[in-house]
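Offset between the first sequence (1-based) and the working numbering: plus 1. The C-beta atom is built at its ideal place from N, Cα and C for all residues, glycine as well.
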Amino acid sequence: MKNVRVRFAPSPTGPLHIGGVRTALYNYLFARKNNGTMILRIEDTDQARFVEGAEKYIVESLAWCGIEFDESVTVGGPHAPYRQSERKELYKQYSDQLIASGNAYYAFDTPEELEQKRKEAEAEKKIFTYNAESRKYLCNSLTMSKQDVDKYLNEDVPHVVRFLIPEKTEVLMYDIIRGKVVVQTESLDDKVLFKSDGMPTYHLANIVDDHLMEISHVIRGEEWLPSLPLHILLYQAFGWEAPEFAHLPLLLKPDGNGKLSKRDGDRLGFPVFPIDWIDPVSGEKYTGYRESGYYPDAFVNMLALLGWNPGTEQEIFSMDELIQVFSLDRVGKSGSKFDPEKTKWFNHQYLIKQSNEAVANDFNVILKEKSIEIKTEKMVKIVSLVKERVPFVKDLWNETYFFFEAPQSYDEQVVKKRWNENSAQQMTDLATKLSAIEAFETVTIDQTLKEWIEQNQFGMGAIMNALRLLLVGAAKGPHLGDIMEIIGKEETIDRINSGINKL
RNA sequence: CGCCCGUUCGUCUAGUUGGUUAGGACGCAAGGUUUUCAUCCUUGAAAUCAGGGGUUCGAAUCCCCUACGGGUGACCA
Numbered sequence: 002m003k004n005v006r007v008r009f010a011p012s013p014t015g016p017l018h019i020g021g022v023r024t025a026l027y028n029y030l031f032a033r034k035n036n037g038t039m040i041l042r043i044e045d046t047d048q049a050r051f052v053e054g055a056e057k058y059i060v061e062s063l064a065w066c067g068i069e070f071d072e073s074v075t076v077g078g079p080h081a082p083y084r085q086s087e088r089k090e091l092y093k094q095y096s097d098q099l100i101a102s103g104n105a106y107y108a109f110d111t112p113e114e115l116e117q118k119r120k121e122a123e124a125e126k127k128i129f130t131y132n133a134e135s136r137k138y139l140c141n142s143l144t145m146s147k148q149d150v151d152k153y154l155n156e157d158v159p160h161v162v163r164f165l166i167p168e169k170t171e172v173l174m175y176d177i178i179r180g181k182v183v184v185q186t187e188s189l190d191d192k193v194l195f196k197s198d199g200m201p202t203y204h205l206a207n208i209v210d211d212h213l214m215e216i217s218h219v220i221r222g223e224e225w226l227p228s229l230p231l232h233i234l235l236y237q238a239f240g241w242e243a244p245e246f247a248h249l250p251l252l253l254k255p256d257g258n259g260k261l262s263k264r265d266g267d268r269l270g271f272p273v274f275p276i277d278w279i280d281p282v283s284g285e286k287y288t289g290y291r292e293s294g295y296y297p298d299a300f301v302n303m304l305a306l307l308g309w310n311p312g313t314e315q316e317i318f319s320m321d322e323l324i325q326v327f328s329l330d331r332v333g334k335s336g337s338k339f340d341p342e343k344t345k346w347f348n349h350q351y352l353i354k355q356s357n358e359a360v361a362n363d364f365n366v367i368l369k370e371k372s373i374e375i376k377t378e379k380m381v382k383i384v385s386l387v388k389e390r391v392p393f394v395k396d397l398w399n400e401t402y403f404f405f406e407a408p409q410s411y412d413e414q415v416v417k418k419r420w421n422e423n424s425a426q427q428m429t430d431l432a433t434k435l436s437a438i439e440a441f442e443t444v445t446i447d448q449t450l451k452e453w454i455e456q457n458q459f460g461m462g463a464i465m466n467a468l469r470l471l472l473v474g475a476a477k478g479p480h481l482g483d484i485m486e487i488i489g490k491e492e493t494i495d496r497i498n499s500g501i502n503k504l
């Protein structure tokens with residue numbers, strides 16, 4: 002295979018959503034797997050849709066995911082610049098070349114005129130297309146005399162350049178994921194290649210840049226499949242060798258139908274974006290995976306398995322492992338409904354894999370906000386006891402608050418079930434027994450408890466549950482001996498006594 | 001409406017050369033472990049392979065039709 006060079010080419014019209022991140026990821030995996038080059042190109046040819054901060058957002062998001070670029074707007078490269086607006090001067094010659102070769106023509110129809118045509122067509126329940134038939138009656142260099150065309154051009158009459166779709170031929174295409182695709186040129190329209198504002202359209206800029214940047218494989222979303230024939234035709238018109246294409250199936254809404262969109266996140270309560278995004282115009286905020294407490298590795302792992310699978314039963318993959326096993330021919334053909342539940346499961350798996358120290362460190366940030374200071378050693382111990390119970394670090398508080406503060410209330414259900422007329426006396430006796438322990442450690446505490454319960458012929462469950470109620474406030478939490486050792490003798494006794502008073 | 005793409009448990013999917021009790025995972029349910037909760041372990045329910053026709057000894061796998069879903073139809077990408 003020739004040198005693999007792939008690009009991720011978003012346009013900075015807003016935040017990148019997870020579908021876009023997945024496209025970038027598959028490009029990256031493919032590049033790394035084949036010792037190729039990964040390129041980031043910003044397609045900002047539409048000045049009207051430019052959104053402030055979007056490019057920065059894209060770069061930051063992908064960096065968070067661990068998707069690195071060999072050539073990009075930030076690191077540069079042999080084909081710089083990588084921002085199409087900065088390559089503006091380049092495109093005109095190619096558009097001219099197509100006109101000279103008879104593959105394109107000037108069109109002077111105004112947007113208003115075309116809009117009018119569309120409305121008229123719509124009234125007759127038809128769709129207006131600028132094609133082999135209609136171009137004969139429209140205002141362009143095919144219908145006008147050469148003198149008129151030159152005159153218009155000299156007078157700078159606003160105009161566009163349109164691609165001349167060949168008549169009555171078949172375009173034969175090959176897609177790595179879908180195989181052979183055939184389209185008749187009659188179903189195509191004469192797309193604008195060069196706009197009246199002096200900018201190329203996506204189609205022209207994209208083909209020119211992919212060619213100049215020596216892109217070997219175009220891996221992009223399925224929404225581009227309908228424009229593949231045009232792109233193939235453009236390569237042919239230029240006499241260039243086309244890259245290979247792979248059109249990825251789309252990410253769909255978890256419920257109902259349609260492709261995943263910006264709004265679905267808030268509607269269904271899960272992030273649709275990799276990192277937080279605040280709309281610069283409306284000020285509206287969209288939450289990201291990063292800020293929701295997801296590990297980037299978990300997020301990437303989940304995304305990789307959405308539409309691709311290794312063919313084995315392995316589900317947990319590091320980025321390096323993904324690079325090892327990734328292949329485009331194991332990408333599915335059909336769209337995938339996004340599953341927020343499974344995404345959480347992935348994060349849980351990754352949290353379990355983290356070291357206790359790392360989790361303790363993250364959790365410490367939350368504790369600091371609550372003004373809780375605690376020794377690292379103790380923190381690590383606590384984390385080791387509860388780490389496997391939660392999918393997110395932020396959920397840790399719910400499972401550990403009783404290590405840091407006495408219960409504020411007692412779960413009524415549990416009180417009803419576990420607290421009876423004997424409990425107060427039993428707990429009082431137990432408190433004195435516990436206070437007599439010299440080395441207040443799990444082992445000794447457990448032993449003392451066990452002996453005392455056996456001596457008095459109390460039920461293990463009854464005593465332990467009542468004690469847990471006083472120490473934790475609810476029927477949950479790790480081994481009681483561990484809890485007591487960590488909060489210490491004094492605190493244990495205090496909680497027992499104040500609990501007895503309150504209940 | 002035109003063109004293009006797709007269709008295996010609720011969801012993500014295995015099944016790539018036709019012969020499997022159609023496998024796994026998430027979620028769900030039950031049981032076990034646990035002094036509690038969670039974890040964990042075991043088990044279970046869950047796809048007549050969209051439907052209908054072929055081809056074949058045999059089809060989820062090949063062919064055709066239909067239905068449904070999706071994408072696209074801008075001087076947006």
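Counting only runs of 4+ residues fully inside the stretch 377 to 464, write out the alpha helix (DSSP H) ranges in chain order. 377 to 387, 397 to 405, 413 to 419, 424 to 436, 443 to 457, all fully within the stretch 377 to 464.
Quick one: what does DSSP say Thr111 is sitting in, helix, strand or coil? The residue you call residue 111 lines up with position 110 of the first sequence. Reduced to three states, the DSSP call for Thr111 is coil.
Could you tell me whether the stretch 186 to 203 touches the stretch 215 to 224, where touching means 3 or more Cβ pairs closer than 8 Å? No, the stretch 186 to 203 is not in contact with the stretch 215 to 224.
Measuring CB to CB, does Leu450 end up less than 9 Å from Ile497? Counting from one through the first sequence, the residue named residue 450 turns up at place 449. Counting from one through the first sequence, the residue named residue 497 turns up at place 496. Contact: no.
Can you list, in chain order, the residues of its chain with a C-beta nearer than 6 Å to that of Asp110? Leave out the 5 residues immediately preceding and following it. Walking along the first sequence from the start, residue 110 turns up at place 109. Counting only Cβ-Cβ distances below 6 Å, and skipping sequence neighbours, we find Leu139, Cys140.
Would the stretch 341 to 353 and the stretch 389 to 397 be scored as touching if the rule is three or more Cβ pairs under 8 Å? Yes: at least three Cβ pairs fall under 8 Å.
Cβ distance (whole Å) where Ile275 is taken to contact Glu53 below 8 Å: To locate residue 275, count along the first sequence from 1; it is residue 274. To locate residue 53, count along the first sequence from 1; it is residue 52. For the record, residue 275 in the displayed sequence is Pro; it is not Ile. So it is not a contact: roughly 19 Å between Cβ atoms.
Go ahead and label Thr46 buried or exposed: buried means 16 or more other beta carbons lie within 10 angstroms of its beta carbon, across all protein chains shown. Here residue 46 is taken as the residue at index 45 of the first sequence, counted from 1. With 16 or more other Cβ atoms within 10 Å, it is buried.
How many angstroms separate the CA atom of Thr14 from the CA atom of Pro341? For the purposes of this step, residue 14 is taken as residue 13 along the first sequence, with counting starting at 1. For the purposes of this step, residue 341 is taken as residue 340 along the first sequence, with counting starting at 1. In a straight line, the C-alpha of Thr14 is about 25 Å away from that of Pro341.
Are the stretch 164 to 175 and the stretch 232 to 243 touching by the rule of at least three beta carbon pairs closer than 8 Å? Contact holds: three or more Cβ-Cβ distances are below 8 Å.
8 Å Cβ shell around Ile438 - same chain, five flanking residues per side excluded: On the first sequence, residue 438 is found 437 positions in, with the first residue counted as 1. Hits under 8 Å: Thr445, Ile446, Thr449, Lys490.
Per-residue DSSP class, three states only, for Ala476: On the first sequence, residue 476 is found 475 positions in, with the first residue counted as 1. Three-state result, Ala476: coil.
Alpha helix (DSSP H) containing Leu194: first to last residue? As a working note, residue 194 is residue 193 in the first sequence. Segment 193 to 195 is the beta strand (DSSP E) holding Leu194; no alpha helix (DSSP H) there.
Quick check: the Cα distance between Thr493 and Leu435, rounded to an integer number of angstroms? For the purposes of this step, residue 493 is taken as the residue at position 492 of the first sequence. For the purposes of this step, residue 435 is taken as the residue at position 434 of the first sequence. If you draw a straight line from the Cα of Thr493 to the Cα of Leu435, it is about 9 Å long.
DSSP state of Gln355, grouped into three classes? Residue mapping note: residue 355 aligns to position 354 of the first sequence, counting from 1. Coil at Gln355, not helix or strand.
Apart from the five residues on each side of it in sequence, which residues of its chain come closer than 8 Å, Cβ to Cβ, to Leu249? For the purposes of this step, residue 249 is taken as residue 248 along the first sequence, with counting starting at 1. These residues qualify, in order along the chain: Arg23, Thr24, Tyr27, Ile178, Ile220, Arg221, Gly222, Glu223, Gly308, Val332.
Using only alpha-carbon positions, find the residue among Leu386, Thr344, Lys369 that is nearest to Asn357. Residue numbering aside, residue 357 sits at position 356 when the first sequence is read from its first letter. Closest by alpha carbon: Leu386.
CB Val1 to CB Lys196, shorter than 9 Å? An answer regarding residue 1 cannot be provided, because it is not within the stretch 2 to 504 covered by the chain.
Restricting to Cα atoms, I'd like to know which of Pro16, Asp265, Arg6 is closest to Ile40. Here residue 40 refers to the residue found at position 39 of the first sequence. Comparing Cα-Cα distances from Ile40 to each of Pro16, Asp265, Arg6, the minimum goes to Arg6.
Where do the N-terminal and C-terminal ends of the alpha helix (DSSP H) with Val76 fall, by residue? Looking up residue 76 in the first sequence gives position 75. Counting along the chain, Val76 falls outside any alpha helix (DSSP H), and DSSP gives it neither H nor E.
Count the other CB atoms, across all protein chains shown, that sit within 10 Å of the CB of Tyr107; report buried if there are 16 or more and exposed otherwise. On the first sequence, residue 107 is found 106 positions in, with the first residue counted as 1. So Tyr107 ends up on the buried side.
Would DSSP call Asp210 helix, strand or coil? On the first sequence, residue 210 is found 209 positions in, with the first residue counted as 1. Looking at Asp210 - three-state DSSP - the assignment turns out to be helix.
CB-CB under 6 Å to Ile216, same chain, minus the five flanking residues each way: which ones, in chain order? Within the first sequence, residue 216 is the residue found at index 215, counting from 1. The beta carbon of Ile216 is closer than 6 Å to those of Arg6, Arg8, Pro244 in its chain, skipping five residues each way along the sequence.
With Phe271 as the anchor, note down where its alpha helix (DSSP H) starts and where it stops. Working through the first sequence from its first residue, we reach residue 271 at position 270. Membership of Phe271 in any alpha helix (DSSP H) is not indicated, and neither H nor E is assigned to it by DSSP.
For Gln185, the three-state DSSP class (helix, strand or coil): Here residue 185 refers to the residue found at position 184 of the first sequence. Of the three classes helix, strand and coil, the one that applies to Gln185 here is strand, per DSSP.
Taking the alpha carbon of Gln85 as the point to measure from, which residue in Gly78, Tyr95, Val74 has its own alpha carbon closest? Taking the first sequence and counting its residues from 1, one reaches residue 85 at position 84. Between Gln85 and the set Gly78, Tyr95, Val74, the nearest pair of CA atoms involves Val74.
Take Gln48 as the anchor and find which of Ser12, Pro82, Glu113 has the nearest alpha-carbon. Locating residue 48 in the first sequence gives position 47, where the first residue counts as 1. Minimum Cα distance to Gln48 is reached at Ser12.
Quick one: using the 10 Å Cβ neighbour count with 16 as the cut-off for buried, is Val209 buried or exposed? By 1-based counting over the first sequence, the position of residue 209 is 208. Per the 10 Å Cβ criterion, buried.
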